[in-house]
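Enquirer: Residue numbers (this note's numbering): 413 to 530. Don't be surprised by glycine CBs; every beta carbon is placed ideally from N, CA and C. Before anything else, here's the structure in question.
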């Protein structure tokens, strides 16, 4: 299994495949909760593995809620869990930095970004 949330086809201007639409919808569903976006953003800003307790200390939500959000984000591979002794640490999946924007370009039928873009 790779570190990308999934491995959709290369973005094109054509119609999306059924598999791509299911994958992309699952990504957006995972981001449909504002607190889940905050959890993902915290991990992206920190750029290091974090324990659930560290996340709880930084955000105004309970441990069980953080764990629930991390499970959803891990299910779509936006975050990667790693065992660390008796706990689990989570970090942002760096593959999302290219995979997710590519998905948006595919959905919106945009050409691949170029180096000339403003």
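Using the DSSP secondary-structure output, state which residues sit across from residue 362 in a beta bridge.
Expert: Nothing in the structure corresponds to residue 362, since the chain is present only between 413 and 530.
Enquirer: Tell me whether residue 421 is buried or exposed, calling it buried when 16 or more other Cβ atoms sit within 10 Å of its Cβ.
Expert: Because residue 421 sits at a pLDDT of 48, beneath the cut-off of 50, its placement in the model cannot be relied upon, and the point is left open.
Enquirer: Suppose you measure from the CA of residue 472 to the CA of residue 478; what does that come to, to the nearest Å?
Expert: Answer to the nearest angstrom: the Cα atoms are 10 Å apart.
Enquirer: Looking at the structure shown, is residue 492 part of a helix, part of a strand, or coil, going by DSSP?
Expert: Strand, per DSSP.
Enquirer: So, with DSSP's three-state summary, where would you put residue 429?
Expert: Correct three-state label for residue 429: coil.
Enquirer: With DSSP run on the structure shown, which of helix, strand or coil describes residue 515?
Expert: Note: residue 515 maps to helix in three-state DSSP.
Enquirer: So, at 8 Å on beta carbons, what are the nonlocal neighbours of residue 449 in its own chain, with the 5 sequence-adjacent residues on each side left out?
Expert: 443, listed in sequence order.
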